[in-house]
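Colleague:
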Amino acid sequence: MKAKITYILELLRTSFWFVPLIIVISAIGLSGLLTYIDSLVDYKPQGFFLYLYTGSAESARSILSTISAAMLGAASIVFSITLVALSLASSQFGPRLVRNFMYDRLNQTVLGTYIATFMYSLLVLQTVKGTEAEVQFIPHLAILFSLAISVCSIILLVIFIHHISVSIQADHIISTTANNLNKSLRKLFPEESEQNKPEPGRTEPQSFTINIKGIPLHSHADGYLQTTNTYGLIELAQKNDFYVKLHCRPGDYVVKDSVLATYYAAEPPRDNLLQNIYKNFILGKRRTPIKDPEFAINQIVEIACRALSPGINDPFTAITGIDKLTSAMCYLTKAHFPKPEKYDTEGVLRLTIRPFTFSGLLDASFNQIRQYGAPSPSVMIRLMEALFVIYGFASKKSDKDDILRHADMIFRTSQITFKETNDFFDLSNRYEKFERI
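Quick note: our numbering has the sequence shown finishing at residue 808, numbered continuously throughout.
1) I'd like the span of the alpha helix (DSSP H) that includes residue 448, first residue to last.
2) Look at the alpha carbon of residue 722 and the alpha carbon of residue 645, and state the distance between them as a whole number of angstroms.
3) Alpha carbons only, please: which of 588, 608, 530 and 649 is nearest the one belonging to residue 598?
4) Using CA atoms only, rank isn't needed, just tell me which of 527, 805 and 434 is closest to residue 771.
5) For a test of the three-state rule: what should DSSP assign to residue 589, helix, strand or coil?
6) Since residue 665 is in the alpha helix (DSSP H), which residue starts that stretch and which ends it?
7) Tell me, to the nearest whole angstrom, how far the beta carbon of residue 802 is from that of residue 755; I am working on the premise that it is less than 8 Å.
8) Here's the rule I'm using: 16 or more other beta-carbon atoms within 10 Å means buried, otherwise exposed. How should residue 592 be labelled?
9) In three-state terms, what does DSSP make of residue 718?
10) How about the segment 395 to 411 and the segment 489 to 496: do they share at least three Cβ pairs that are nearer than 8 Å?
11) For residue 494 versus residue 387, is the C-beta distance shorter than 9 Å?
12) Quick one: is residue 562 near chain C, going by C-beta distance under 9 Å?
13) Which one of 748, 800 and 685 has the shortest CA to CA distance from residue 787?
14) When you compare each of 700, 683 and 672 to residue 742 by their alpha carbons, which one comes out closest?
15) Roughly how many whole angstroms lie between the Cα atoms of residue 517 and residue 435?
16) Check whether the segment 654 to 669 and the segment 538 to 556 touch, using three or more Cβ-Cβ pairs below 8 Å as the test.
17) With distance defined between alpha-carbon atoms, name the residue in 623, 726, 443 and 463 nearest to residue 337.
18) Assign residue 656 to one of two classes, buried (16 or more other C-beta atoms within 10 Å of its C-beta) or exposed (fewer than that).
19) According to DSSP, simplified to helix, strand and coil, what is residue 613?
20) Hey, quick one: how far does the beta strand (DSSP E) through residue 632 stretch, first residue to last?
21) Using the C-alpha atoms, what's the distance from residue 479 back to residue 391?
22) Do the CB positions of residue 474 and residue 524 come within less than 9 Å of each other?
23) Starting from the C-beta of residue 501, find all residues in its chain whose C-beta is less than 8 Å away, skip the five residues before and the five after it, and write them out in chain order.
24) Please go through the same chain and pick out, in chain order, the residues whose beta-carbon is closer than 6 Å to the beta-carbon of residue 660, but skip the five residues on each side of it.
25) Measure the alpha-carbon distance for residue 639 versus residue 586 and round it to whole angstroms.
26) Residue 701: which of 562, 761 and 766 sits nearest, CA to CA?
27) So is residue 573 buried or exposed if we call it buried at 16+ other beta carbons inside 10 Å?
28) DSSP puts residue 625 in a beta bridge; with which residues?
29) Could you have a look at residue 723 and say whether DSSP puts it in helix, strand or coil?
30) Can you check the segment 486 to 552 for any alpha helix (DSSP H) of at least 4 residues that lies completely inside it and give the ranges in chain order?
31) Quick check: what's the CA-CA separation for residue 471 versus residue 385?
32) Rounded to whole angstroms, what is the Cα-Cα separation between residue 698 and residue 561?
33) I believe residue 406 touches residue 498 by the beta-carbon criterion, under 8 Å. Please report the beta-carbon distance rounded to the nearest angstrom.
34) Could you tell me how far apart the beta carbons of residue 346 and residue 674 are, in whole angstroms, since I believe they sit closer than 8 Å?
35) Pick from 789, 794 and 799: whose alpha carbon is nearest that of residue 778?
36) How big is the Cα-Cα spacing for residue 398 and residue 533?
And the structure:
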């Protein structure tokens, strides 16, 4: 259930309609509330009421009609500008970055504000009754609020245009993507000092007795494994006395009828138990950063690789991406990576997962950039410098060996691709620093 809720919340956060819908619903409710207050108050042109709208019913209709038309036009402009920004980001930086633009709260708020102002003015307009020769009902407070949010909407349009002009710049996009990556890494891999100690009274892990051959659990559909509720599986396994070995992890593409996991227990699973097990796996059409750290890494890698393509040939953007990945990898050298074995509260092995590792995330960060950036000395030299920085943070021998492995690959690749001797000499000097440590 927790995994499903997390998945739904992620969908709402990255949808372009949820925040505007909430704002529009609020505006509809506010129009009714202010109109109701207007119907209860007897306005007289003195004191505070001097600041309210005091015109005729015809003037009120004219004002509200003008605001409605203007806000609808502004909403169409905002929507058009947003689509242009999405198209530019998709073509230049990669389609997977469109998610970041859709997640942008300011874009959602601006669009929602204009549509909400349009709806609010339209609803207040239909409450204006009578003419100068008849008994009139003019919602003075509601009209004043409509004028106020119209002024705010104009200011918001200026802020929106500035925000869009900044948000399509390469440095800003990389920085935003890197911030999302860092948040994801800190959530999935907390620092060693932040790890909770084992609960008091927990027994030592016990071996799980397997009396029958494992039963494969097949996927019911194609798609990317977006999240796995490990806590739900452990709780279910403890309650029903079984053990599960996962063969996929978040981010993997799963083919229909392929094996998701293997079930071990003294007896075959019942149908209702199988259904409960499958509820802990969520498949989707695309990857998400919920439990997939490689997704956020790949977003930065994609920007760097596109920048190194012959059509763009922008090594500076690629170098910026390398710098951001360097910060992420330095953090991972002191982060806690979960172990494959998962135990229940009684210390019984209930689940084995395919965990993410420092080696795998380092490969995801630098392999493709090295391959695409091989002809560029500036990119290869920065990669070597980045690895040296990460090496200085690493404390585990296995992590240092992985970093040296990448340094060796960069050095060997440069021997083949560099055409200028001085460029290779510069890279060699940086490579030799590893030997002097």
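All residues carry an ideal CB built from backbone N, CA and C; glycine is no exception.
Modeller: In terms of the structure at hand:
1) Run containing residue 448: 428 to 464, per the alpha helix (DSSP H) assignment.
2) Looking at the two C-alpha atoms, the distance is approximately 15 Å.
3) Measuring from the Cα of residue 598, the nearest candidate turns out to be 649.
4) Among 527, 805 and 434, the Cα nearest to that of residue 771 belongs to 805.
5) The DSSP-derived three-state label of residue 589 is strand.
6) Taken as a continuous stretch (DSSP letters only), the alpha helix (DSSP H) holding residue 665 covers 664 to 678.
7) About 6 Å separates the Cβ atoms of residue 802 and residue 755, confirming a contact at the 8 Å cut-off.
8) So residue 592 ends up on the exposed side.
9) Coil at residue 718, not helix or strand.
10) The segment 395 to 411 and the segment 489 to 496 touch, with no fewer than 3 CB-CB distances between them shorter than 8 Å.
11) Result no, Cβ atoms of residue 494 and residue 387 do not sit closer than 9 Å.
12) You won't find chain C in this structure, because it holds only one protein chain.
13) Looking at the Cα atoms, 748 is the closest of the given residues.
14) Ranking the options by Cα distance to residue 742, first place goes to 672.
15) Computed Cα separation, rounded: 8 Å.
16) Yes, they touch.
17) Only positions 372 to 808 of the chain appear in the structure, and residue 337 is not among them; the question remains open.
18) By the neighbour-count rule (16 or more Cβ atoms within 10 Å), residue 656 is not buried but exposed.
19) Residue 613 carries a strand assignment under DSSP once its states are collapsed to helix, strand and coil.
20) First-last of the beta strand (DSSP E) with residue 632: 630 to 636.
21) About 6 Å.
22) The Cβ atoms of residue 474 and residue 524 do not sit closer than 9 Å to each other.
23) For residue 501, the CB contacts under 8 Å within the same chain, skipping 5 residues up- and downstream, are 428, 507 and 508 in chain order.
24) Here the set comprises 555, 666 and 667.
25) When rounded, the distance between both Cα atoms is 8 Å.
26) Among 562, 761 and 766, the Cα nearest to that of residue 701 is on 761.
27) With a pLDDT of only 46 at residue 573, under the threshold of 50, the placement of this residue in the model should not be trusted; the figure read from the coordinates follows. Sixteen is the threshold: since fewer than 16 other Cβ atoms of the shown chains lie within 10 Å of the Cβ of residue 573, the residue is exposed.
28) Looking at the DSSP output, residue 625 bridges to 594.
29) Reduced to three states, the DSSP call for residue 723 is strand.
30) Counting only runs of 4 or more, we get 511 to 538.
31) Each residue's Cα considered, the two are about 8 Å apart.
32) One C-alpha to the other measures close to 15 Å.
33) 5 Å between Cβ atoms; contact.
34) The question about residue 346 has no answer, for the chain in this structure spans 372 to 808.
35) The shortest Cα separation from residue 778 among 789, 794 and 799 belongs to 799.
36) Their Cα atoms are separated by approximately 26 Å.
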